[in-house]
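Q: Pasting a structure here, questions to come.
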Amino acid sequence: MTVIRDTGRRAVLPPFGSEHEELRESVGRFVAKEIAPHVDEWEEAREFPRELFGRCAELGFLGLKFPERYGGQGGDHLHDAIWVEELARAGGSGGVGAGLNAHTSIAMPPIFNFGSEEQRQRWLVPGIAGEKIGALGITEPGAGSDVAGIRTTARRVEGGYLVNGAKTFITNGVRADFLVCACKTTEEGGHGGISFLVLEREMPGYEVSRKLEKMGWHASDTGELSFTDVEVPAENLLGEENGGFKLIMANFAWERLLMAIGAVGAMRRLIDVTVAYALDREAFGRPIGKFQAIRHHVAEMATKAEAARALTYNALRLFHTGQDCIAEVSMAKLMTQRAVLEIADQSLQIHGGYGYMREYGIERAVRDARLGPIGGGTDEIMKEIIGKSMGL
Ligand SMILES: Cc1cc2nc3c(=O)[nH]c(=O)nc-3n(C[C@H](O)[C@H](O)[C@H](O)COP(=O)(O)OP(=O)(O)OC[C@H]3O[C@@H](n4cnc5c(N)ncnc54)[C@H](O)[C@@H]3O)c2cc1C
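Here my numbering is used: position 273 in the sequence shown is 282, and no number is missing along the way.
Next comes the structure, spelled out in structure tokens:
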């Protein structure tokens, strides 16, 4: 295996080897053949078919970073990074990536990292097999960025907890079989009073109150959920009681990194599509790409994408090697989410009127990219984290 050596903290590339490149090709082939041709239809239907989870599971893509004993592939976050990047690059739908990745990368990791063996058998194994779909429920109608301010309560009763409250903006919220749900387990809540419980769809009092209509990510479902006296057995407590904040923080790092990686994939797609269009579309007797103004636009897009990729891969390398990387991950998330939005907008400009039409997928890229500076922690929150890491 050829491994690109990276010894110093400033080295940029993660150690991708030939095995990763093979995975990259096979994911790209699968996405181009079995996802991309259906994206328009799934966007229109406002969700991709549930069977897609099963198909991805069959090919091993849902369990890339999980051990073989749970049905996974025994890989690591680098394998998952390739999956996320290629899904965004070859698929061209933020919604498909969001739905699949909310399951594999934000709902299942807490079960693996904080769950007991029994809990892993109950949710991780069927999750990797694509039989049960997961979602992560933190955000509430009254608390998003201020995670410690959540109000959903889990009151101790005999045998478990009684859960009351609501969650909103939950990706896969409508079809999730299980919800990894943040609840207040003390009167005060806050950093030392939040716990995670796994709620299951069939529990009495668990309701999908609304499927939300949104600007982009149309192929993913985003739900609002309500809980009324939901009886949750004690064995559904994930990790330690009142130790939920640790789980939230652990999860955020990978969620934000994968958003950055997804943006890198989306930028690669946008640049490829734009260069092809600029060479094909003619005006004033020549391909528009031969006008210096357009060439410069594309050069700027490529430079921005390359900077975004280097920043992201460096954060990935630090994360993968277990180094402290909260600031680097936040920088990668912050920079890439704005960069992909700007690149999508530049691409639309170069496509002219056709860019504004649905059939080219560019207007979708703009709508999908707009979520980036909000979801998984807003730009302002990223800047807070980065600034505080500098002692400010
Ligand atoms: C399509 C979509 C899918 C999502 N999927 C999920 C999911 O699966 N699970 C889940 O739990 N959540 C999910 N979210 C929620 C998402 O993480 C939140 O929207 C995000 O964290 C922001 O919270 P908020 O919307 O409540 O905004 P608010 O927190 O109300 O923020 C509003 C504005 O105030 C700013 N602001 C807030 N605090 C500060 C501060 N301290 N300093 C400066 N500015 C500040 C924000 O940056 C923002 O500009 C999803 C959201 C969307 C839109």
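Here a beta-carbon is modelled for each residue, glycine too, at the ideal position from N, C-alpha and C.
Which term fits Phe-187, buried or exposed, when burial requires 16 or more other beta carbons within 10 angstroms of its beta carbon?
A: For the purposes of this step, residue 187 is identified with residue 178 of the sequence shown, where counting begins at 1. Answer is buried; the Cβ neighbour count reaches 16.
Q: Restricting to Cα atoms, I'd like to know which of Val-172, Pro-119, Leu-171, Arg-277 is closest to Gly-100.
A: In the sequence shown, counting from the first residue as 1, residue 100 sits at position 91. Nearest of Val-172, Pro-119, Leu-171, Arg-277 to Gly-100, Cα basis: Arg-277.
Q: Pull up the distance between the alpha-carbon of Met-268 and that of Gly-153, whole angstroms please.
A: Residue numbering aside, residue 268 sits at position 259 when the sequence shown is read from its first letter. Residue numbering aside, residue 153 sits at position 144 when the sequence shown is read from its first letter. Computed Cα separation, rounded: 17 Å.
Q: Are the segment 291-305 and the segment 378-398 touching, with three or more C-beta to C-beta distances below 8 Å?
A: Result no; under three Cβ-Cβ pairs closer than 8 Å.
Q: Checking 8 Å against the spacing of the C-beta atoms, do Ile-270 and Ala-90 come in under that value?
A: On the sequence shown, position 261 is the one that residue 270 refers to. On the sequence shown, position 81 is the one that residue 90 refers to. Result yes, Cβ atoms of Ile-270 and Ala-90 sit closer than 8 Å.
Q: Rounded to the nearest angstrom, what separates Thr-11 and Pro-76 at their Cα positions?
A: Here residue 11 is taken as the residue at index 2 of the sequence shown, counted from 1. Here residue 76 is taken as the residue at index 67 of the sequence shown, counted from 1. Reliability of the predicted coordinates at Thr-11 is poor, the pLDDT of 45 falling under 50, and no value is obtained from them.
Q: Relative to the C-alpha of Leu-367, which candidate in Lys-42, Glu-50, Arg-38 has its C-alpha closest?
A: Walking along the sequence shown from the start, residue 367 turns up at place 358. According to the sequence as given, residue 367 is Arg; it is not Leu. Answer by Cα proximity: Glu-50.
Q: Check Pro-382 in the structure and name its three-state DSSP category.
A: On the sequence shown, position 373 is the one that residue 382 refers to. Pro-382 falls in the coil class under three-state DSSP.
Q: Per the DSSP calculation, Asn-173 is bridged to which residue(s)?
A: Here residue 173 corresponds to residue number 164 of the sequence shown, with the count starting at 1. For Asn-173, which the question treats as bridged, DSSP gives the partners Thr-162.
Q: Which residue wins for smallest C-alpha separation from Gly-146, given the options Gly-370, Glu-209, Leu-87?
A: Against the sequence shown, residue 146 aligns to sequence position 137. When only C-alpha atoms are compared, the closest one is Glu-209.
Q: By Cβ distance below 6 Å, which residues in the same chain neighbour Ser-102 in space, the five residues on each side in sequence not counted?
A: Indexing the sequence shown from 1 puts residue 102 at position 93. Taken in chain order, the residues that qualify are Val-48, Ala-228.
Q: Beta strand (DSSP E) containing Thr-146: first to last residue?
A: On the sequence shown, residue 146 is found 137 positions in, with the first residue counted as 1. With the sequence shown as reference, residue 146 is identified as Gly, and Thr is not the correct amino acid for it. Counting along the chain, the beta strand (DSSP E) containing Gly-146 begins and ends at 143-146.
Q: Please go through the same chain and pick out, in chain order, the residues whose beta-carbon is closer than 6 Å to the beta-carbon of Arg-318, but skip the five residues on each side of it.
A: Start at 1 with the first residue of the sequence shown, and residue 318 comes out as number 309. Around Arg-318: Val-273.
Q: Nearer than 7 Å: is that true of the beta carbon of Lys-223 relative to any heavy atom of ligand 1?
A: Translated into positions along the sequence shown, residue 223 becomes position 214. It does: the Cβ of Lys-223 is within 7 Å (strictly closer) of some heavy atom of ligand 1.
Q: Got a sec, what are the start and stop residues for the alpha helix (DSSP H) Phe-261 sits in?
A: Along the sequence shown, one-based indexing puts residue 261 at 252. Segment 253-289, the alpha helix (DSSP H) holding Phe-261.
Q: Could you tell me the alpha carbon to alpha carbon distance between Arg-59 and Trp-132, rounded to whole angstroms?
A: For the purposes of this step, residue 59 is taken as the residue at position 50 of the sequence shown. For the purposes of this step, residue 132 is taken as the residue at position 123 of the sequence shown. Near 17 Å, if we compare the C-alpha coordinates of Trp-132 and Arg-59.
Q: To the nearest angstrom, how far is the alpha carbon of Val-241 from that of Tyr-170?
A: Counting from one through the sequence shown, the residue named residue 241 turns up at place 232. Counting from one through the sequence shown, the residue named residue 170 turns up at place 161. Taking the straight line from one Cα to the other gives about 5 Å.
Q: Tell me whether Leu-279 counts as near ligand 1, meaning its Cβ is closer than 7 Å to at least one heavy atom of that ligand.
A: Within the sequence shown, residue 279 is the residue found at index 270, counting from 1. For ligand 1, not one heavy atom lies less than 7 Å from the Cβ of Leu-279.
Q: Are there any heavy atoms of ligand 1 lying less than 7 Å away from the beta-carbon of Ile-91, as far as the coordinates show?
A: Here residue 91 refers to the residue found at position 82 of the sequence shown. Answer for Ile-91: no, Cβ out of range of ligand 1.
Q: Between the Cα of Met-3 and the Cα atoms of Asp-333, Gly-362, Glu-126, Ile-390, which residue gives the shortest distance?
A: As displayed, the chain neither begins before 10 nor continues past 401, which places residue 3 out of reach and without an answer.
Q: Need the endpoints of the alpha helix (DSSP H) that Ala-319 sits in, please.
A: Along the sequence shown, read from residue 1 onward, the residue named residue 319 stands at position 310. Run containing Ala-319: 301-329, per the alpha helix (DSSP H) assignment.
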